[in-house]
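Everything on this sheet refers to the single structure shown next.
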Amino acid sequence: MPALLPEASGLHLRRTLDSGQAFRWRWGTTADGREIATGIIGRRIFQLSQDAQGLRLVSPDAPGAREALRRYLGVGSSGMPPGSDTGRGGAVPRIEAALAADPVLGRILRHTRGISLLVQDPWEVLISFIISQNNNIPKITRSIERLSRALGEPLGETAHAFPTPARLASARSRTLRAGLLGYRAPYVRAAARLVADGTIDLAVLGRMSEDEAREVLHRIPGVGEKVGDCILLFGLRHLTAFPVDVWVQRGVERLYFRGRARTLRQIQAFARARFGPLAGHAQQHLFAYARAHLRPDRVRRA
DNA sequence: GGGCAGGTGTAAT
DNA sequence: ATTACACCTGCC
1421 MPALLPEASG
1431 LHLRRTLDSG
1441 QAFRWRWGTT
1451 ADGREIATGI
1461 IGRRIFQLSQ
1471 DAQGLRLVSP
1481 DAPGAREALR
1491 RYLGVGSSGM
1501 PPGSDTGRGG
1511 AVPRIEAALA
1521 ADPVLGRILR
1531 HTRGISLLVQ
1541 DPWEVLISFI
1551 ISQNNNIPKI
1561 TRSIERLSRA
1571 LGEPLGETAH
1581 AFPTPARLAS
1591 ARSRTLRAGL
1601 LGYRAPYVRA
1611 AARLVADGTI
1621 DLAVLGRMSE
1631 DEAREVLHRI
1641 PGVGEKVGDC
1651 ILLFGLRHLT
1661 AFPVDVWVQR
1671 GVERLYFRGR
1681 ARTLRQIQAF
1691 ARARFGPLAG
1701 HAQQHLFAYA
1711 RAHLRPDRVR
1721 RA
């Protein structure tokens, strides 16, 4: 039996990997009927499973793989936002204990418990979320898969690493079209060029304040309010970022404003005031809850 | 088959 | 600061 990852206690693997943060995971079934997730982290193919005992690293059994996985899953040493540490236990339960101080979150947590904020490569997050605009998860996933297959470094037989900035920047438009990018193709290439030629340095961005980094991100074509905040949160780990998409907007309006419409600005201001350093984590739970329970065809909007 | 999907850019108010 | 519209593509 593959080794357990005790730090991931409280982490719900499927909820985390299917939460719309990452697009490089597939679920499958082993010969003995166990569900297994296969995905790419950096240049390695990971296989993960989860059972009553906990989360297991099935493969690779290589030096550094466990540490890389811990970090990726957000259950490494620095998982908590400053000032929110409530004591012992894994990162996920501690954050949820802090979130539950908010009665609304405390109530929906029953349905969303176990979602972890992943720590991903900012470059991959940047391109993935440019692709995500006005798009749906299955198609985003397919686009990234095709792009990686066409332009990414091969990893074993069938998998490919995410393309480098240089490869994407010099990609032919036919390749990008084949990647199903549609009208986003010019955005992706322009963003790749800005990174490839050093105009935008994502490592430097990671050392800036959140507002400074946001301002720089907004200069990238295809990066607006929502995508920018996704990059801040999922790639640069600015935990006060609060990406507002239609689901989060719907969730906040429904759960905190009796279904009354709010503008984007109002929702951003609300999130800052209400959730503070936990805003990013709160967003994950509101998003997941809204997706599962606030479908428009089931909700009468006030 | 017209409308829509986990937004953004642009133009107009 | 908000609103209206087009936009690739796959799917209902």
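Plus 1420 on top of the position in the first sequence (first one is 1) and you've got our numbering.
Glycine residues also receive a C-beta, built at the ideal position from the N, C-alpha and C atoms.
Rounded to a whole number of angstroms, what is the C-alpha to C-alpha distance between F1690 and A1457? 36 Å
Please classify P1583: is it buried, with 16 or more other beta-carbons within 10 angstroms of its beta-carbon, or exposed? buried
Determine, using beta carbons only, whether G1671 and L1714 come nearer to each other than 8 Å. yes
Relative to the alpha-carbon of D1471, which residue among D1481, L1489, P1426 and G1462 has its alpha-carbon at the smallest distance? P1426
Tell me whether the stretch 1582 to 1602 and the stretch 1610 to 1622 touch, counting them as touching only if at least three CB pairs, one residue from each stretch, are closer than 8 Å. yes
Out of E1516, E1455 and G1572, point me to the one whose CA is closest to G1430's CA. E1516
Let's test the definition: count the other Cβ atoms within 10 Å of the Cβ of G1503 and tell me whether it reaches 16, buried, or not, exposed. Residue placement at G1503 is flagged as unreliable, the pLDDT there being 48, under the threshold of 50; a coordinate-derived value is accordingly withheld.
Compute the Euclidean distance between the alpha carbons of E1544 and G1440, then round it to the nearest angstrom. 14 Å
Quick check on this structure: which residue in L1475, S1469, G1474 and I1461 has the alpha carbon closest to the alpha carbon of G1484? I1461
In whole angstroms, what is the alpha-carbon distance linking I1651 and A1451? 37 Å
How would you write the range of the beta strand (DSSP E) that A1457 sits in, first residue to last? E1455 to I1461
State the start and end residues of the unbroken alpha helix (DSSP H) segment that holds V1615. A1605 to A1616
Going by DSSP, which residues form a beta bridge with I1465? I1460
Rounding to the nearest angstrom, what Cα-Cα distance links E1365 and G1648 in this structure? The chain is shown from 1421 up to 1722; residue 1365 falls before or after that span and cannot be answered.
For a minimum of 4 consecutive residues, which ranges assigned as the alpha helix (DSSP H) are wholly contained in the stretch 1487 to 1569? 1511 to 1519, 1523 to 1532 and 1542 to 1551
May I ask you to report which of helix, strand or coil DSSP gives A1591? coil
Between A1428 and the rest of its own chain, which residues show a CB-CB distance below 7 Å, the 5 nearest in sequence each way excluded? G1474, L1475, L1493, V1495 and G1510
Buried or exposed: which applies to D1481, given that a residue is buried once 16 or more other Cβ atoms fall within 10 Å of its Cβ? exposed
Who are the near neighbours of L1637 in its chain, counting only those whose CB is closer than 6 Å to its CB and skipping five residues on each side? V1643, G1648 and I1651
Name the two residues that bound the continuous alpha helix (DSSP H) containing V1664. It is not in any alpha helix (DSSP H) - V1664 carries neither H nor E in the DSSP assignment.
Please list the terminal residues of the continuous alpha helix (DSSP H) segment that includes T1436. L1433 to L1437
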